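**Q** One structure, pasted below without further comment.
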Amino acid sequence: MERAGRDYMVLEAGPNRGREHIAADEDSAHLADPAQDPSFAPFLAQPGALYGPLSGYRRRVGGRSLYWRGICLRVEDDVLREWPVEVRRALLGTGDDPGLYARTEAALRTWCGGIQLTQARTATEQAMVKELAGLGYPAVPTPRAIRTLGQGRWEAYSPVADLPSERILTGHRVSGVRKRAGGGYSLVLDDGDGSTLDARHVVLCAGTVGNIELADGLLHGRSGEPRRYSLVDHVACGMLVVHSDGQHEAMESSVHAGFDAPSRSNLIVERQRHGEGVLLDAWTMGEQPPKATSTVLVGDATSIVLEPSARAALDAVRREQRNLLGELARRTGLTARFREEYVSFDEALAQAEARPGTAVVYDAGIGELDHESGGLALDGEHVDVSGQLREAPGVAVAGPCLFPRAGAANPSLTTLALAQYVVQRMH
Ligand SMILES: Cc1cc2nc3c(=O)[nH]c(=O)nc-3n(C[C@H](O)[C@H](O)[C@H](O)COP(=O)(O)OP(=O)(O)OC[C@H]3O[C@@H](n4cnc5c(N)ncnc54)[C@H](O)[C@@H]3O)c2cc1C
């Protein structure tokens, strides 16, 4: 908006706790853990089995852009082919136009100081790429929009870092958007006295669940039967190996070891310091398949459910992911301890610590990856191909909620590219 020269205000529910990325200061790196973060606020008033108590906002200026790890992957080509043609062309470019993916990557490269997003950041990363390539993996340093700051500190790009402070109103949770009789919209503020703020245009950027709730309230009010919206996260599992000694650097190392077709997942291998030793975390993250999407029910209170029939499709992904990790363990000569049932990260870490050198598998629950997307798909039931609500012209939407299908890639590169797409089409 700033670059488009538009007059705007950002309304943020939380406070301004500074706009520095959490990894830029070693005293705040622990905030990645929701349980230790005072800004963490669950999405749901009553968290359920999916999107449980670890799934939520980081309610502060900058939101999760101050927590993300900067991993930038494009949505896979075969998934983009299911997106509206206009959006796909805008992302991938046509003729002389390099497209929004390439432009966004170039802007992130510039922010990183002109280096490639896949530039190795540590000597360990370089060595891991060589080792994994030798084992037959198409390995590259994980593409990340990060700047290293020395002594293990780093920061990932945040679109709010440079917003002028006078554009941001903190402590202003928007509880509803209403059409005004004379045109434009009123934003209802959750400040106890029902005050409102009028605007000609509105861009909903309250996270996927928040955007769905605000759009639903605008389109349907709060009454009647709960309305249903589709939602996906990613399906992820990993394996942990603790080496009680070994070379370690202050900064974590991360390698993208390719996309695996059977599990429709990306494979990422990471090493980081763990006490006096090293923790190897190889994880695979795949698509929550279209036939296994979750449903957001928006009514008096929002809830998120999964049809029992979707479980089989999710289990099939997890099985393939275990095969992928098992093959990695085999190629690297690791003894692996894999269980079929769900194993939490903390449980796996405790087991890996008890048996140094043994690979132990873990799973992430649906909703725990902060990659929730969909619900307000571009050119779908509620949003047109330009990113505006069909029934509320002048209300645009930004965020991963716009994805018609998510694929396996981490969402933020596409989210940033689509934000440009939507702004360019606002009248
Ligand atoms: C630890 C961690 C690591 C991650 N790593 C990666 C990664 O490497 N790569 C990647 O692609 N993605 C990653 N992600 C995911 C990525 O950060 C999110 O997909 C992205 O930030 C979502 O952006 P958003 O704008 O939709 O939501 P948010 O970042 O959650 O922003 C929404 C903002 O709106 C505010 N808000 C909500 N409701 C209201 C309301 N009603 N009124 C006013 N304000 C409101 C919230 O307080 C928040 O500040 C990671 C996330 C986390 C937490």
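Per the working numbering, the sequence shown starts with residue 2, numbered consecutively. Ideal Cβ positions, reconstructed from N, Cα and C, are used throughout, including at glycine. None of the values given here were measured: they were computed from a predicted structure.
Go to Ala502, then tell me how far its alpha helix (DSSP H) extends in each direction, as first and last residue.
**A** Residue numbering for the chain in the displayed model covers 2 to 428; residue 502 lies beyond these limits and cannot be assessed.
**Q** Between Thr143, Gly135, Gly327 and Val396, which lies nearest to Gly184 when the distance is taken from Cα to Cα?
**A** Checked all of Thr143, Gly135, Gly327 and Val396; the closest Cα to Gly184 is Val396.
**Q** Over the uninterrupted alpha helix (DSSP H) stretch that includes Asn212, give me the two end residues.
**A** Gly208 to His221 is the span of the alpha helix (DSSP H), which, as asked, contains Asn212.
**Q** Please state if the CB of Met252 and the CB of Gly153 are separated by a distance shorter than 7 Å.
**A** Contact flag set, yes.
**Q** Taking Ala420 as the reference, give the member of Leu379, Arg391, Arg406 and Pro394 with the closest Cα.
**A** When only C-alpha atoms are compared, the closest one is Leu379.
**Q** Among Cys206, Ile116, Arg181 and Thr95, whose alpha-carbon lies nearest the alpha-carbon of Met10?
**A** It is Cys206 whose Cα lies nearest to the Cα of Met10.
**Q** Please report the Cβ distance between Val233 and Thr294, rounded to the nearest whole angstrom; I am assuming they are in contact, meaning their Cβ atoms lie under 8 Å.
**A** So it is a contact: roughly 5 Å between Cβ atoms.
**Q** For a test of the three-state rule: what should DSSP assign to His244, helix, strand or coil?
**A** Here His244 sits in strand by DSSP.
**Q** Could you check the C-alpha separation between Asp28 and Ile269 for me, to the nearest Å?
**A** Distance between the alpha carbons of Asp28 and Ile269 is about 26 Å.
**Q** Are the Cβ atoms of Val256 and Ala353 separated by less than 7 Å?
**A** No.
**Q** Have a look at Gly381 and Ala311 and give me their C-alpha separation to the nearest angstrom.
**A** So the alpha carbons of these two residues sit roughly 22 Å apart.
**Q** I need the boundaries of the beta strand (DSSP E) containing Gly484, first residue and last residue.
**A** The displayed coordinates of the chain run from 2 to 428. Any statement about residue 484 would go beyond what the structure contains.
**Q** List, from N- to C-terminal side, the beta strand (DSSP E) runs of 3 residues or more that fit wholly inside the region 302 to 331.
**A** Counting only runs of 3 or more, we get 304 to 306.
**Q** Starting from Arg90, follow the alpha helix (DSSP H) in both directions and report where the run begins and ends.
**A** Residues Val86 to Leu93.
**Q** Between the region 321 to 338 and the region 214 to 234, do at least 3 Cβ pairs fall closer than 8 Å?
**A** At 8 Å Cβ cutoff, the stretches do not touch.
**Q** Near Gly177, what residues of its chain come up, given a Cβ to Cβ distance below 6 Å and the 5 sequence neighbours on each side ignored?
**A** For Gly177, where only same-chain residues beyond five positions count, the Cβ hits under 6 Å are Val189 and Gly218.
**Q** Compute the Euclidean distance between the alpha carbons of Arg59 and Gly19, then round it to the nearest angstrom.
**A** Their Cα atoms are separated by approximately 13 Å.
**Q** On the DSSP bridge assignment, give the partners of Thr336 in chain order.
**A** According to DSSP, Thr336 bridges with Thr359.
**Q** Go ahead and pull the three-state DSSP assignment for Cys402.
**A** Of the three classes helix, strand and coil, the one that applies to Cys402 here is helix, per DSSP.
**Q** If we count the other Cβ atoms within 10 Å of its Cβ and call it buried at 16 or more, is Thr123 buried or exposed?
**A** Classification for Thr123: buried.
**Q** With DSSP as the reference, identify every bridge partner of Thr285, one or two as the case may be.
**A** DSSP, once it has assigned bridges, lists Cys238 and Leu268 as partnering Thr285.
**Q** How many Å lie between Glu106 and Ala351 at the Cα?
**A** Distance between the alpha carbons of Glu106 and Ala351 is about 38 Å.
**Q** Excluding the five sequence neighbours on either side, which residues of its own chain have a C-beta within less than 7 Å of the C-beta of Ile213, listed in chain order?
**A** The residues are Tyr230, Val297, Val299, Gly376, Leu377 and Cys402.
**Q** Out of Thr333, Asp26 and Glu250, point me to the one whose CA is closest to Leu133's CA.
**A** When only C-alpha atoms are compared, the closest one is Thr333.
**Q** At which residues does the alpha helix (DSSP H) containing Asp78 begin and terminate?
**A** That run of the alpha helix (DSSP H) goes Asp78 to Leu81.
**Q** Does Val386 come out as helix, strand or coil in the three-state DSSP assignment?
**A** Coil at Val386, not helix or strand.
**Q** With hydrogens ignored, establish whether the beta-carbon of Ala216 is closer than 6 Å to any heavy atom of ligand 1.
**A** Checking the Cβ of Ala216 against ligand 1 gives no.
**Q** Any idea if Asn267 is buried or exposed, counting beta-carbon neighbours within 10 angstroms, 16 or more meaning buried?
**A** The residue in question, Asn267, is buried, as its Cβ has 16 or more Cβ neighbours within 10 Å.
**Q** Check whether the Cβ of Gly400 sits closer than 6 Å to any heavy atom of ligand 1, and report yes or no.
**A** Yes, since a heavy atom of ligand 1 falls inside the 6 Å radius drawn around the Cβ of Gly400.
**Q** Would you say Ser159 and Gly63 are within 7 Å of each other, going by their C-beta atoms?
**A** Taking 7 Å as the Cβ cut-off, Ser159 and Gly63 qualify as a contacting pair.
**Q** Can you tell which of Asp199, Glu156, Arg391 and Ala182 has the C-alpha that lies nearest to the C-alpha of Val175?
**A** The shortest C-alpha separation from Val175 is found at Asp199.
**Q** Under 6 Å from any heavy atom of ligand 1, does the C-beta of Pro160 make it?
**A** Flag unset: Cβ of Pro160 not near ligand 1.
**Q** To the nearest angstrom, report how far apart Val204 and Val398 are at their CA atoms.
**A** Their backbone Cα atoms lie some 5 Å apart in a straight line.
**Q** Sorted by chain position, which residues of the same chain lie with C-beta nearer than 7 Å to Gly172's C-beta, five sequence neighbours on each side aside?
**A** Excluding sequence neighbours, Gly172 sits near Pro16.
**Q** Quick one: what's Ile72 bridged to in DSSP?
**A** According to DSSP, Ile72 bridges with Arg145.
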